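K.L.:
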Amino acid sequence: MTELTHFDEHGKARMVDVSGKPVTEREAVARGKVSMNKSTLRMIRDSKIAKGDVLGVARVAGIMAAKKTAELIPMCHPLNIASVNIDFDIDTKNSRIQIESRVRITGQTGVEMEALTAVSAAALTIYDMCKSADRGMIISDIMLVEKRGGKSGVFKR
Numbered sequence: 006m007t008e009l010t011h012f013d014e015h016g017k018a019r020m021v022d023v024s025g026k027p028v029t030e031r032e033a034v035a036r037g038k039v040s041m042n043k044s045t046l047r048m049i050r051d052s053k054i055a056k057g058d059v060l061g062v063a064r065v066a067g068i069m070a071a072k073k074t075a076e077l078i079p080m081c082h083p084l085n086i087a088s089v090n091i092d093f094d095i096d097t098k099n100s101r102i103q104i105e106s107r108v109r110i111t112g113q114t115g116v117e118m119e120a121l122t123a124v125s126a127a128a129l130t131i132y133d134m135c136k137s138a139d140r141g142m143i144i145s146d147i148m149l150v151e152k153r154g155g156k157s158g159v160f161k162r
């Protein structure tokens with residue numbers, strides 16, 4: 006069984022010591038979806054949401070969230086992130102927006118949590134900005150899809 010690294014030998018929570026790990030280039034990609042009514046998706050696409058540029062604001066929220074991950078997730082290390090990119094794919098056929106974040110760092114620990122937090126915040130921002138038009142939106146399928154660098158190497162879903 007895989008060892009849970011955030012617990013000591015007595016089962017108490019701890020932050021993992023990464024001081025002995027080599028500095029390497031690392032990258033993580035996460036995705037998630039926000040499903041909604043077709044009319045809501047049209048309003049986003051046509052910039053008709055009263056609160057403003059939904060995807061522009063969601064992009065900034067995702068970037069900010071990636072940078073604040075250590076303040077939100079207790080055992081995450083504060084990181085000097087090199088880059089955060091947030092992209093959106095408007096899927097009119099399935100009436101949803103797919104969100105993808107890509108986070109990069111040169112450091113001693115990975116950025117999976119930062120990528121996942123970025124997608125989560127972007128999705129929540131879409132919901133917040135559009136809830137007056139559609140309270141039935143569904144945030145789903147937030148997941149790590151790719152990770153590179155570090156001792157564990159490459160993960161690809």
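Residues 6 to 162 (this note's numbering) are what the sequence shown spells out, left to right. For each residue, glycine too, the CB sits at the ideal point set by N, CA and C. Please read these numbers as outputs of a predicted model, since none were measured by experiment.
With distances taken Cα to Cα, identify the nearest neighbour of C135 among R47, E32, A71.
P.N.:
Checking every option, the nearest Cα to that of C135 belongs to R47.
K.L.:
Tell whether a beta-carbon distance below 8 Å holds between M148 and M41.
P.N.:
Not closer than 8 Å, so no.
K.L.:
Apart from the five residues on each side of it in sequence, which residues of its chain come closer than 8 Å, Cβ to Cβ, to A18?
P.N.:
The answer, listed in chain order, is H11, F12, P79, M80.
K.L.:
Considering only C-alpha positions, which residue in the set A138, N85, T130 is nearest to E30?
P.N.:
Checking every option, the nearest Cα to that of E30 belongs to N85.
K.L.:
Using the Cα positions of D139 and T45, report the straight-line distance between them to the nearest angstrom.
P.N.:
Roughly 7 Å separates the two Cα atoms.
K.L.:
If A123 and I68 are in contact, beta carbons under 8 Å, what's the gap, nearest whole angstrom?
P.N.:
7 Å between Cβ atoms; contact.
K.L.:
So, at 6 Å on beta carbons, what are the nonlocal neighbours of V159 in its own chain, with the 5 sequence-adjacent residues on each side left out?
P.N.:
The residues are R153.
K.L.:
Give me whichever residues DSSP pairs with D92 in a beta bridge.
P.N.:
DSSP, once it has assigned bridges, lists E105 as partnering D92.
K.L.:
Cβ of I102 within 8 Å of Cβ of I95?
P.N.:
Going by C-beta atoms, I102 is nearer than 8 Å to I95.
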